[in-house]
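As structure tokens, the structure follows; a few thoughts come after it.
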Amino acid sequence: MLFKKSIKQVIATYRLLVVSEMFKAIASLVHMRKWVLKSISMALVAMVLLSKNINSSLMHFVALSIGLSLIACTGLFLIYLQAPVNDPTVQQVLATTLFKVFILLLAITGVVSGLCILAHVRKGAALQELDSKKAVLDRIKGAHAETSLALKEAKETAESSNEAKSRYLAALSHELRTPLNLVLGYAQLLMRDPILSTQQRANISIIKRNGQHLADLIEGLLEISQIEAGRITLQRDEFNLKSILKHLVEMFQLQANKKGIKFNYIVSSNVPDYVATDKQRFRQILMNLISNAIKYTDQGSVTFEVTYRGGVAHFSIIDTGIGIAKSDQALILKPFEQIRYSHTQAAGGTGLGLPISYSLAELMGGDISLTSSIGKGSIFNFRLMLFDLYKDPKGPELNKSKVIGYIGRTLTILVIDDDYHQRSLMLDLLKPIGFDVLLANGAQEGFDQLEKSNVDLVLMDVRMSGMNGWQMVKILRAQHYVMPVLMVSANARDAEYDLHSEGYHNDYIAKPIDLEGLLGKISQLMSLQWQY
Numbered sequence: 008m009l010f011k012k013s014i015k016q017v018i019a020t021y022r023l024l025v026v027s028e029m030f031k032a033i034a035s036l037v038h039m040r041k042w043v044l045k046s047i048s049m050a051l052v053a054m055v056l057l058s059k060n061i062n063s064s065l066m067h068f069v070a071l072s073i074g075l076s077l078i079a080c081t082g083l084f085l086i087y088l089q090a091p092v093n094d095p096t097v098q099q100v101l102a103t104t105l106f107k108v109f110i111l112l113l114a115i116t117g118v119v120s121g122l123c124i125l126a127h128v129r130k131g132a133a134l135q136e137l138d139s140k141k142a143v144l145d146r147i148k149g150a151h152a153e154t155s156l157a158l159k160e161a162k163e164t165a166e167s168s169n170e171a172k173s174r175y176l177a178a179l180s181h182e183l184r185t186p187l188n189l190v191l192g193y194a195q196l197l198m199r200d201p202i203l204s205t206q207q208r209a210n211i212s213i214i215k216r217n218g219q220h221l222a223d224l225i226e227g228l229l230e231i232s233q234i235e236a237g238r239i240t241l242q243r244d245e246f247n248l249k250s251i252l253k254h255l256v257e258m259f260q261l262q263a264n265k266k267g268i269k270f271n272y273i274v275s276s277n278v279p280d281y282v283a284t285d286k287q288r289f290r291q292i293l294m295n296l297i298s299n300a301i302k303y304t305d306q307g308s309v310t311f312e313v314t315y316r317g318g319v320a321h322f323s324i325i326d327t328g329i330g331i332a333k334s335d336q337a338l339i340l341k342p343f344e345q346i347r348y349s350h351t352q353a354a355g356g357t358g359l360g361l362p363i364s365y366s367l368a369e370l371m372g373g374d375i376s377l378t379s380s381i382g383k384g385s386i387f388n389f390r391l392m393l394f395d396l397y398k399d400p401k402g403p404e405l406n407k408s409k410v411i412g413y414i415g416r417t418l419t420i421l422v423i424d425d426d427y428h429q430r431s432l433m434l435d436l437l438k439p440i441g442f443d444v445l446l447a448n449g450a451q452e453g454f455d456q457l458e459k460s461n462v463d464l465v466l467m468d469v470r471m472s473g474m475n476g477w478q479m480v481k482i483l484r485a486q487h488y489v490m491p492v493l494m495v496s497a498n499a500r501d502a503e504y505d506l507h508s509e510g511y512h513n514d515y516i517a518k519p520i521d522l523e524g525l526l527g528k529i530s531q532l533m534s535l536q537w538q539y
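Numbers 8 to 539, taken from our numbering, label the letters of the sequence shown in order.
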């Protein structure tokens with residue numbers, strides 16, 4: 008213990024001597040203190056400048072620590088010089104105290120330097136990370152802008168393509184429907200001839216059936232085009248549901264009998280009489296589903312079952328036909344796709360019925376589901392919201408028997424069309440039923456006929472050279488002609504689009520014209536009672 012105490016005293020004495028000698032040496036340079044201060048300042052500036060060019064955090068720490076230490080040393084040195092002490096003992100005590108203060112300041116400057124460097128490093132890292140994030144965000148923003156521009160261009164290109172396709176199909180439809188209207192129109196006239204032989208009727212029936220197939224193909228192409236472009240407009244028709252179902256059953260019962268298969272019809276007692284939806288689309292969906300079931304069933308039966316619960320009608324078409332493999336069930340929803348298996352024959356058709364039916368069902372707020380497997384038949388379920396109206400539908404229904412006339416005075420119908428053959432067809436269709444038919448080649452002759460005659464109904468073609476049908480009917484209303492106007496269009500989509508545009512016409516009918524449909528339109532517009 009005594010030895011350790013002696014060692015400590017020696018070290019303390021030596022330390023005091025070193026400090027004393029250091030301050031004495033500094034004191035000996037009092038006359039040079041200005042130079043010393045200037046040198047210290049220059050050293051500090053040099054270290055600051057040097058630290059800016061040094062990337063190492065350790066070197067920054069050393070430079071800052073030395074700088075602060077020099078400042079502390081300078082301050083203590085100035086204090087020592089200013090102290091008016093001549094006693095060596097007091098000088099020694101002062102030197103010791105200043106040394107301890109210097110050591111303490113060294114520790115403090117080390118901590119402060121470390122904290123400053125740490126803050127600087129963190130700030131630099133944060134700024135670097137922010138710059139990196141900013142660069143990433145700039146790249147993402149640029150990529151997003153490029154993607155948005157590409158998507159916008161792709162959308163515009165797709166819309167332009169759809170528009171061009173729609174215009175092309177509309178023009179093609181018009182050119183095909185016009186001659187097809189003549190083929191089917193005169194086929195209907197020939198079928199009404201009582202002197203035809205059985206073979207002649209069969210031949211004309213083939214013409215009519217294939218002409219109708221072509222008309223269905225054109226209509227299907229237009230339907231697909233309009234659905235893809237989002238231009239399908241649904242109507243709200245009020246009609247007798249049970250009557251529609253009965254007509255469908257009667258029609259498909261004959262088809263099933265011809266194929267030698269059984270057709271079953273099951274309907275729940277709570278199915279409403281009168282409902283409201285798009286009658287044409289509703290009928291189209293059921294016809295496509297039932298006709299497909301009969302088409303692909305060679306033996307067994309097809310069952311059409313109708314149930315109703317909670318405002319939702321369920322239509323199930325169950326067949327014992329060839330069935331559809333699970334892998335092919337998505338394929339049949341694509342246009343022009345038909346499933347053919349090695350053990351079956353092609354059933355014909357356009358391949359558009361099911362895709363159109365599925366799309367229309369969705370547009371009407373319903374859905375169609377399929378359950379099927381190879382060799383076990385298929386079940387198509389069509390569900391649609393149909394609220395019970397508890398009232399009669401609007402407008403008279405046309406009897407399926409042959410119309411030979413109507414009750415009441417002779418009505419005058421003006422047919423305005425710039426195609427001679429189309430005018431002749433309308434004359435041949437309407438005159439035998441008892442109408443007085445006037446013909447006009449275009450709009451100007453139509454105005455002349457209206458001035459000379461008392462016209463009860465106008466049948467007007469939409470697309471005529473010079474003044475078209477839409478322009479003419481607008482002028483008719485401006486001149487206070489109030490008779491019903493039935494527009495005749497070879498482009499059903501154009502007519503449907505303009506149905507509610509300005510309300511100048513009363514109704515429209517699409518080519519090729521079905522005589523039964525034409526008489527139904529005339530019956531509604533003129534409130535006629537037919538004679539059969």
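Glycine included, every Cβ here is placed at the ideal spot set by N, Cα and C. Nothing here was measured: the structure is a model prediction, and the numbers come from that model.
Taking one beta carbon from each stretch, the region 315-331 and the region 421-439 have fewer than 3 pairs nearer than 8 angstroms; the two do not touch.
Per the DSSP secondary-structure output, Phe389 pairs in a beta bridge with Phe322 and Ile375. In this structure, the beta-carbon distance from Leu359 to Gly227 falls below 7 angstroms. The shortest C-alpha to C-alpha distance from Ala178 to any of Ile520, Arg470, Pro519 and Asn475 is the one to Arg470. In this structure, Ala497 lies near Arg184, with their beta-carbon atoms less than 7 angstroms apart. Around the beta-carbon of Thr205, fewer than 16 other beta-carbon atoms lie within 10 Å, marking it exposed. Where Ser308 is concerned, the enclosing beta strand (DSSP E) starts and stops at Ser308 to Arg316. Listed as beta-bridge partners of Trp537 by DSSP are Tyr413.
Look at the beta carbons and you see the region 370-377 touching the region 283-294: at least three pairs across the two are nearer than 8 angstroms.
Residues Leu421, Ile423, Ala447, Val465, Met467 and Met479 of the same chain have their beta carbon placed closer than 8 angstroms to that of Gly453, with the five preceding and five following residues left out of the count. From the listed residues Leu526, Lys383 and Ser275, the smallest Cα separation to Ile325 is found for Lys383.
Taking C-alpha positions only, Cys80 is separated from Gly149 by approximately 56 angstroms. Under the three-pair Cβ rule at 8 angstroms, the region 382-396 does not count as touching the region 251-264.
Counting along the chain, the unbroken beta strand (DSSP E) around Tyr281 starts and ends at Tyr281 to Thr284. DSSP lists Val495 as the beta-bridge partner residues of Ile516. Along the region 230-266, the beta strand (DSSP E) occurs as fully enclosed runs of 3 or more residues at 244-247, listed in sequence order. Residue range Thr419 to Ile423 is occupied by the beta strand (DSSP E) that includes Ile423. In this structure, the beta-carbon distance from Ser379 to Ile331 falls below 7 angstroms.
In the DSSP annotation of this structure, the continuous segment of the alpha helix (DSSP H) that includes Leu437 starts and ends at Tyr427 to Leu437. The Cβ-Cβ distance between Met198 and Ile213 does not fall below 7 angstroms. Taking a C-beta distance under 7 angstroms as the contact criterion, Ser364 and Asn295 qualify as a contact pair. The straight-line gap separating the alpha-carbon atoms of Leu137 and Ala152 is approximately 22 angstroms. For Met392, the number of other beta carbons within 10 angstroms of its own is below 16, and it is reported as exposed. Your pair Leu252 and Val274 checks out as a contact, with CB atoms roughly 7 angstroms apart and the cut at 8 angstroms. Around the beta carbon of Ala517, 16 or more other beta carbons lie within 10 angstroms, which makes this residue buried. Per DSSP, Val274 is not a residue of any alpha helix (DSSP H); the beta strand (DSSP E) it occupies stretches across Lys269 to Val274.
Rounded to the nearest whole angstrom, the CA to CA distance from Tyr511 to Gly412 is 29 angstroms. About 13 angstroms separates the CB atoms of Pro362 and Leu377; that is not less than 8 angstroms, and the two are not in contact. The C-beta of Thr164 has fewer than 16 other C-beta atoms within 10 Å across all chains shown, which makes the residue exposed.
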